[in-house]
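Working notes, beginning with the structure itself.
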Amino acid sequence: ELDASAAFAMMQRRLVWERSNLPVSVTADVERELRTGKVEASPYAHVQTGCPIVVVRSRHFDPRTRSVDASVRATVSVLERALARAPSETVCVYYDRTGFDLRRNLDVDFLREVVRVLSDNYPEVLDSVYVYPTGGALKVAWAAVAPLLNSRTRSKVVLPTSMDELLEAIPHPLVLAGL
């Protein structure tokens with residue numbers, strides 16, 4: 056937002072965080088989270104931009120069987136892996152909601168913490184987020200949340216209304232893996 060002192064302070068906080076957290080130690084609890092398939096670095100790239108794709112499969116979320124800290128560290132590990140091959144230092148996220156069950160898979164604590172860590176330490180890394188399949192409940196939730204986001208962030212979120220629209224950005228193998 057063109058505030059040099061705020062940007063400098065953010066960079067300093069990021070350096071302190073980086074020294075404490077990177078590279079991510081792949082401990083037993085982080086390894087367990089990585090094996091869930093909840094978050095993974097895809098070998099594919101966004102069809103149009105070439106950004107590496109990080110896949111989030113919400114059907115694998117289970118707040119009863121995870122540690123928030125381990126889940127966040129696993130997510131950071133995946134993001135770092137994707138960024139290592141990013142030509143423009145940005146990534147695309149494919150948030151696959153196939154098989155998502157609100158009672159079983161909604162993990163608000165994890166989502167809140169991972170968004171905080173990524174927002175604080177990876178500004179401007181997000182190219183786009185594709186959330187699919189959508190549905191009535193998601194559209195209502197998005198309508199409530201979208202106004203809380205700044206317009207730049209809000210413009211990066213895409214809610215495709217059809218499989219064809221999704222396939223314009225996300226390669227077939229990733230989409231078919233969720234079915």
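Sequence positions in the sequence shown follow this note's numbering and run 56 to 234. Even for Gly, the Cβ is constructed at its ideal location relative to N, Cα and C.
{"Check": "Alpha carbons only, please: which of Ala59, Lys211, Asp58 and Ser122 is nearest the one belonging to Cys147?", "Outcome": "Lys211"}
{"Check": "Rounding to the nearest angstrom, what Cα-Cα distance links Ala129 and Gly92 in this structure?", "Outcome": "11 Å"}
{"Check": "For the candidate residues Gln67, Asp124 and Thr208, whose alpha-carbon lies nearest to that of Glu179?", "Outcome": "Thr208"}
{"Check": "If you run the structure through DSSP and keep just helix, strand and coil, what is Asp124?", "Outcome": "helix"}
{"Check": "In the DSSP assignment, find the unbroken beta strand (DSSP E) run with Asp182 in it and report its ends.", "Outcome": "Leu181 to Tyr187"}
{"Check": "Please report the Cβ distance between Val109 and Ala96, rounded to the nearest whole angstrom; I am assuming they are in contact, meaning their Cβ atoms lie under 8 Å.", "Outcome": "6 Å"}
{"Check": "If you reduce the DSSP assignment to three classes, tell me which class Ala96 lands in.", "Outcome": "strand"}
{"Check": "Once you ignore the five residues that flank Asn176 on each side, which residues in its own chain have a CB closer than 6 Å to its CB?", "Outcome": "Arg69 and Trp72"}
{"Check": "Helix, strand or coil: how does DSSP classify Asp219 here?", "Outcome": "helix"}
{"Check": "Can Ser132 and Val195 be called in contact, C-beta distance under 9 Å?", "Outcome": "no"}
{"Check": "Measure how close the beta-carbons of Val186 and Leu161 come, nearest whole angstrom, since I'm counting them as under 8 Å.", "Outcome": "Val186 to Leu161, Cβ: 14 Å. No contact."}
{"Check": "Helix, strand or coil for Val212 per DSSP?", "Outcome": "strand"}
{"Check": "First and last residue of the beta strand (DSSP E) that includes Arg112?", "Outcome": "Pro107 to Arg112"}
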